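Down below is the structure, laid out as structure tokens.
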Amino acid sequence: MSSDLIWLLTRDQSAFLVKRNGVQLSREPGNLLNRNSLKYSGLAQKKTIDISTAGTNGAVVSVKKTSVPASKPSKSVSKTTLKKSTRAGAKSVRNIIRTYRPDLEKAALARLSRVLESQKPGKVNKPKKLRGAKARKATTA
1 MSSDLIWLLT RDQSAFLVKR NGVQLSREPG NLLNRNSLKY SGLAQKKTID ISTAGTNGAV
61 VSVKKTSVPA SKPSKSVSKT TLKKSTRAGA KSVRNIIRTY RPDLEKAALA RLSRVLESQK
121 PGKVNKPKKL RGAKARKATT A
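Here full-length UniProt numbering is used: the sequence shown runs in plain steps of one and ends on residue 141.
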């Protein structure tokens, strides 16, 4: 089926579609910005790129579809695990995308940045120090 026909069928009704407060988002794999549009659709496009976490080790996996017969589904997806620094990961994502789908380069780097940022440990807030005689008295009593 053509990409346009698949998009016409899935743009208004899809299991991945999320409609809230007048905004339509999509949770489908291969959609880098989670927008419900033909350009970013992981279902309608033949060439898709997906960046997600790869478990607890902090690595990121970049996935892309390739045109392989349907009888070999495991070969239709190429996975690359990124385990090095943020800059090295960005460079490898840029190299993958430049030849595959250059129109998604900015979106893929933004997604990579968000995924890596989400894996950092959160800040620990220190308890506030109370100043003044009345405040110290209230905590000791």
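Quick reminder that beta carbons are idealized off the backbone N, C-alpha and C, glycines included.
Owing to the predicted nature of the structure, the values given are computational and were not obtained by experimental measurement.
Item                                                                                                                                                                               : Value
Buried or exposed: which applies to Thr-48, given that a residue is buried once 16 or more other Cβ atoms fall within 10 Å of its Cβ?                                              : buried
Where Lys-137 and Lys-129 are concerned, what is the direct C-alpha to C-alpha distance, given to the nearest angstrom?                                                            : 13 angstroms
Can you list, in chain order, the residues of its chain with a C-beta nearer than 8 angstroms to that of Arg-111? Leave out the 5 residues immediately preceding and following it. : Leu-32, Leu-33, Ile-51
Can you name, in chain order, every residue of its own chain whose Cβ lies under 8 angstroms from the Cβ of Val-18, other than the five neighbours on each side?                   : Gln-24, Leu-25, Ser-26, Arg-27
What is the C-beta distance between Thr-10 and Ala-44, in whole angstroms, given that I count them as a contact (C-beta under 8 angstroms)?                                        : 7 angstroms
Any idea what DSSP makes of Leu-82, helix, strand or coil?                                                                                                                         : strand
What does DSSP give as the partner residue(s) for Thr-53 in the beta ladder?                                                                                                       : Val-60
Are the CB atoms of Ala-108 and Ile-97 nearer to each other than 9 angstroms?                                                                                                      : yes
Under a Cβ-count criterion, where at least 16 other Cβ atoms within 10 Å of its own Cβ denotes burial, should Gly-132 be classed as buried or exposed?                             : exposed
Within 10 angstroms of its Cβ, does Gly-67 collect 16 or more other Cβ (buried), or is it exposed?                                                                                 : Looking at the sequence shown, residue 67 is not Gly but Ser. Looking at its Cβ environment, which holds fewer than 16 other Cβ atoms inside 10 Å, Ser-67 is exposed.
Val-115 to Val-63, Cα distance in whole Å?                                                                                                                                         : 14 angstroms
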